[in-house]
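The UniProt record's numbering puts the first residue of the sequence shown at 1, with every later residue one more than the last.
Everything below concerns the one structure shown next.
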Amino acid sequence: MLTCQSSFSIESVLWRCLITKNKNEVKVVAKILRVAAKGSKETEIMERCKLDSMSIENYLSALTELNFLTVEDENEIYCRTTDRGLEFLNTYHRLRWLLWGKDNDFMLMRLLEQMKKREQSPFYVS
Numbered sequence: 001m002l003t004c005q006s007s008f009s010i011e012s013v014l015w016r017c018l019i020t021k022n023k024n025e026v027k028v029v030a031k032i033l034r035v036a037a038k039g040s041k042e043t044e045i046m047e048r049c050k051l052d053s054m055s056i057e058n059y060l061s062a063l064t065e066l067n068f069l070t071v072e073d074e075n076e077i078y079c080r081t082t083d084r085g086l087e088f089l090n091t092y093h094r095l096r097w098l099l100w101g102k103d104n105d106f107m108l109m110r111l112l113e114q115m116k117k118r119e120q121s122p123f124y125v126s
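Shown next as structure tokens:
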């Protein structure tokens with residue numbers, strides 16, 4: 001059974017970035033969900049996403065916990081993207097299209113950060 005490692009320290013984030021060879025994690029998640037859309041074995045996902053075994057286990061457990069993937073463990077781990085995962089993919093691709101470019105994820109992240117800050121500090125009129 002896969003377990004989710006939910007440590008969000010700077011070291012763990014840096015380690016995950018090094019493991020994925022500095023790929024944008026959102027892109028990696030989208031690629032995993034695309035590969036698993038019709039159902040795929042863990043090894044196929046590893047090969048097509050160019051991930052090592054430690055990285056794929058971390059991603060699969062996190063995506064399973066988020067209910068983006070279902071994972072069946074028979075002889076070999078078999079993954080399938082859930083409806084929620086497909087919804088995420090749809091939203092991800094629409095946002096990328098709106099931002100006009102394949103490498104504009106940094107813009108999306110900056111927009112999401114700004115939205116998060118606005119929610120935390122409400123504006124008061126006196």
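Backbone N, C-alpha and C fix where the C-beta goes; we use that ideal spot for every residue, glycine too.
- Task: Classify E42 as buried or exposed, calling it buried when 16 or more other Cβ atoms lie within 10 Å of its own Cβ.
- Result: buried
- Item | Of the residues F88, L69 and S61, the one placed nearest S40, counting alpha carbons only | L69
- How would you write the range of the alpha helix (DSSP H) that L51 sits in, first residue to last? Looking at the DSSP string, L51 is not in any alpha helix (DSSP H), and its letter there is neither H nor E.
- Message: If you reduce the DSSP assignment to three classes, tell me which class T81 lands in.
- Response: Residue state, collapsed to three classes: strand.
- Item | R34 burial status per 10 Å Cβ neighbour count (16 or more: buried) | Buried, because 16 or more other Cβ atoms sit within 10 Å of the Cβ of R34.
- Measure the beta-carbon distance from Y59 to V28 and round it to whole angstroms, keeping in mind my assumption that it falls under 8 Å. 7 Å
- Message: Between the alpha carbons of F88 and N24, how many angstroms are there, rounded?
- Response: Each residue's alpha carbon lies about 16 Å from the other.
- Is the CB-CB distance between A30 and T81 below 7 Å? No, the pair does not count as a contact, with Cβ atoms beyond the cut-off.
- Item | Enclosing alpha helix (DSSP H) for L99 [first to last residue] | Note, L99: premise wrong, no alpha helix (DSSP H); not H, not E.
- Item | Residue burial classification, M46 (beta-carbon count within 10 angstroms, cutoff 16) | buried
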